[in-house]
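Inspection log for the structure reproduced underneath, given as structure tokens.
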Amino acid sequence: MEAFSLASLFSGMLVGYWTDRSGDVRKIALLMNLFQIAGNLFYFIGFFPWILLLGRFISGIGAGLNTVMYAEVSRSTTAEERTSVLTCMFALRQLSISFAPAYNLAIANINFQLGGIRVTEENFPGILMAVICIIFEFVFFFFYFNLSEEFQWEEEKKRRKAREAESSYGACDSRTSLGEELEKKLLQKSFSSPNSKTEEGEEVKRTQMPSTALDGAKLDEPPLNAREIYRRGTTIIPPVMQTDFGLGNRENSYLYMATGGESLVVYVMVILLSKWRIQDRSMILCGSAVIVYALVHNLLLGLYLLPDTPDLLPYFVAGCMVMFAGVPAVCVCTMCLITKLVDRRAQGLLHGVRRACNSIGIVIGPLWGGGFVFEPLPLYILPLAFVLLYAVSPILHIKTDVFDDV
């Protein structure tokens, strides 16, 4: 897992920058998917440990495909619809994660010969994912075209019609320069004025919005810490369930499926709240408050948790469920908020940096959780401090007028 995360850490930023520079999303996505196919085939072969490691690393390079697709969606949607669309993408990803435990149970008894390779539950995921990626390659090649180009073309048509309508009412050429300056000012205020209808994705130089870009960069910390909390939680569940409650893999799978289903419910709630014009920053603060409660709950429970104490199992499950309810809201709403603060032409690099933060959290989480699984103070105190820090940072350090409409 760490090899995959390490490769995706760098590939996300490089591929994102490449996407911003070239704009040819279709070719880049097809190329990244080839890395996914090769990596999964290496994982399936897996004769030696270094082949498995190489396979995961190559698949991590192909994970830059996620950066390409998120950036394309960010460039192809308006600020009003972006939160719901990106949340749907997150929900689909979470749906696959939720089915993963059931998938493990389904392939537990697989054992057959394929050519010279023995197929078991350990290497079967490699060949299955390779086949899925091959199907995706053909479907993407024949049925997908660059959405951002179509979106920009539609936006240009709307602006042209607006200019024609204005000229039909007797607009003079002498007012053109004044109208352009007014359009730029309205665009700069579109992040702070609820009544402004100007799209934030117009072609605007970043020098016109220096504080906006700076304030958006400050929000990279929440998804990193939230992802680290998520991975640490998934790491400590098996040893705690086995040592303190005497439960095994089947019970762990049930708990993982329950938390995955809960995350889907949270994503649906985020979609509905975004359609009701609830601000992204409000949902971020609510998610942070839920995470704070979960960390305090698990900290107090860990101080009193002893081996063979089945009476405390409901409290442990409740703490995990609450924690996994707050993480999705923080991650998806932070991502949606940042995409509205950054120029449309820099969305690829933005999502690359975001993916890098997620990868760092995915690497740190299991290491931290595995090292302090039975030490509740270091396990929960430091993440709690970070959550409190970024929860109050929008109030103390970030200009609130930047987020009034997002």
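Going by the UniProt record's numbering, the sequence shown opens with residue 1, and the numbers climb by one from there.
Glycine is no exception: its CB is placed at the ideal position from the N, C-alpha and C atoms.
Can you tell me where the alpha helix (DSSP H) with N33 in it begins and where it stops? In the DSSP assignment, N33 falls within the unbroken alpha helix (DSSP H) covering V25 to I45.
Which value, in whole angstroms, describes the spacing of the CA atoms of I360 and C331? In a straight line, the C-alpha of I360 is about 14 Å away from that of C331.
Residue interval of the beta strand (DSSP E) (run including N111): Taken as a continuous stretch (DSSP letters only), the beta strand (DSSP E) holding N111 covers N111 to L114.
Would you mind listing the alpha helix (DSSP H) stretches within the region 252–319 that are 4+ residues and don't spill past its ends, in chain order? Counting only runs of 4+ residues, the alpha helix (DSSP H) found wholly inside the region 252–319 occupies 280–304, in chain order.
The ligand HEM and R345: does the residue's C-beta get closer than 7 Å to at least one heavy atom of that ligand? As for the ligand HEM, it is missing from this structure, which has no ligand bound.
How is T77 classed by DSSP in three states: helix, strand or coil? For T77, the secondary structure class from DSSP, reduced to helix, strand or coil, is coil.
Does the region 227–244 come close enough to the region 308–327 that 3 or more CB-CB pairs lie under 8 Å? With three or more CB-CB distances shorter than 8 Å, the region 308–327 counts as touching the region 227–244.
Three-state class that DSSP yields for I362 in the structure shown: In the three-state DSSP reduction, I362 falls in the helix class (H, G or I).
Leaving out the 5 sequence neighbours to the left and right, which residues in its chain are closer than 7 Å to K161 when beta-carbon positions are compared? Cβ within range, chain order: n/a, list empty.
With 16 as the cutoff for other CB atoms within 10 Å, does D311 come out buried or exposed? Residue environment for D311: exposed (fewer than 16 other C-beta atoms within 10 angstroms of its C-beta).
I134 (DSSP reduced to helix, strand or coil): Helix.
I want to know whether the region 133–153 touches the region 80–93 - three or more CB-CB distances under 8 Å. Flag = no, the region 133–153 and the region 80–93 do not touch.
Could you check the C-alpha separation between L6 and R159 for me, to the nearest Å? Rounded to the nearest angstrom, the two C-alpha atoms are 43 Å apart.
Distance, Cα to Cα, N33 vs G23? Roughly 17 Å separates the two Cα atoms.
Nearest to S333 by alpha carbon, out of S282, G60 and T78? Residue 333 is actually Cys in this sequence, not Ser. It is S282.
Please look up how many angstroms separate the CB atoms of R56 and G39, rounded, as I've assumed it's under 8 Å. G39 and R56 do touch by the CB rule: their CB atoms are close to 7 Å apart, below 8 Å.
Under the three-state reduction of DSSP, which class applies to I237: helix, strand or coil? Here I237 sits in helix by DSSP.
C-beta atoms of L30 and F140 nearer than 8 Å: Yes, the Cβ-Cβ distance between L30 and F140 is below 8 Å.
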